[in-house]
Structure formats: structure tokens, C-alpha cells
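Chemist: Mind looking over this structure? Questions follow.
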Amino acid sequence: MSEIMEVLLRFKKQLVKEVDHHGRTPLYYGAINGDRKTVQRLLKIDTSIAYVLDRGGHSPIHVAAIKGHISVIKEIFQHCPDTRELTDLFGQNALHAAVTAGQANVVKYILEAKELEVM
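Here it is as C-alpha cells:
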């Protein structure tokens, strides 16, 4: 996580809930960029941001699955295990998104992860 973001969050934690004109939170950008440390830090402040869909209908877990960022997916599942069932506007969960995006490594992780056996 950047030093400037750390300073901002120290003084104004509610920034984690701010959305841009695309409806995206800082967590969304951490997830799409594969920045596990940023994702971890933001989720420690507020887990509700894991459930925010952007205007395109995707959540942070979906974009992490689409981009193949397993470490980010693990981090989100650790803080918000029920996001494994979270669907986007198209009715897809993270597994569906990974399959559609051709992310075999993510599909394998989700199918084999013991902590996700109920999926």
C-alpha cells in the first residue's frame, strides 16, 4: 500500500467506502491490480466494501478472479468467507467469473480449497 494511502486512511478511515464515477472503491482497485497488502489493509478497516458492485456489476472478488489474482482472492475469502457465494449482476460468483475468463489457476484453487468446500 502506498505511503500516501496509509496517511489518508489514518486520518479519514471512511475513505475506504468512497466510490468513483465507475462505482469502484479503493478495494476494487487493489483487487484488480493484485495488491494483496492493500486489500488486506482495507478489509481490516471495513469488510462491507467487499460486497460493493461497480456500475458494470462486478465486485472486488469477481475482478480478482477474472484477473487471476489468487492471493487477493484468498485475502477476501479470509475476511469475508461468504463472498464465495456473492453474485454479480450477471448471476455469476467468483468461480463462474474465473471459468468465463479462462483463469484455470483460480478455478483449480476455488475447487480444491478446503475452506471453500461448501461452494
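Using full-length UniProt numbering, the letters of the sequence shown map in sequence onto residues 1 to 119.
Glycine included, C-beta positions come from ideal geometry on N, C-alpha and C.
Since the structure is predicted, the reported quantities are computational estimates derived from the model, not experimental observations.
By Cβ distance below 8 Å, which residues in the same chain neighbour S48 in space, the five residues on each side in sequence not counted?
Modeler: Cβ neighbours of S48 beyond the five flanking positions: K17.
Chemist: If you compare alpha carbons, which of R24, R10, G30 is closest to E75?
Modeler: Selected option, being the one with the closest Cα: G30.
Chemist: Sort H21, D54, D35, I45 by Cα distance to F90 and report the nearest one.
Modeler: Closest by alpha carbon: D54.
Chemist: Would D46 pass as a contact of K12 if the rule is Cβ separation under 9 Å?
Modeler: It is not a contact, given that the beta carbons lie outside the stated cut-off.
Chemist: Below 8 Å CB to CB, which residues in the same chain sit around Y51 once its five sequence neighbours on both sides are set aside?
Modeler: S59, C80, T83, L86, listed in sequence order.
Chemist: If we count the other Cβ atoms within 10 Å of its Cβ and call it buried at 16 or more, is H62 buried or exposed?
Modeler: It counts as buried.
Chemist: Have a look at R24, Q40, Y28 and flag the residue whose alpha-carbon is nearest the alpha-carbon of S71.
Modeler: If we check each option's Cα against that of S71, Q40 comes out closest.
Chemist: Using a Cβ-Cβ cutoff of less than 8 Å, which residues in the same chain neighbour residue 151 once the five nearest sequence positions on both sides are dropped?
Modeler: Because the chain here runs from 1 to 119, residue 151 falls outside it and cannot be looked at.
Chemist: Taking buried to mean at least 16 other C-beta atoms within 10 Å of its own C-beta, is A97 buried or exposed?
Modeler: Under this definition A97 is a buried residue.
Chemist: So, with DSSP's three-state summary, where would you put E3?
Modeler: Three-state result, E3: helix.
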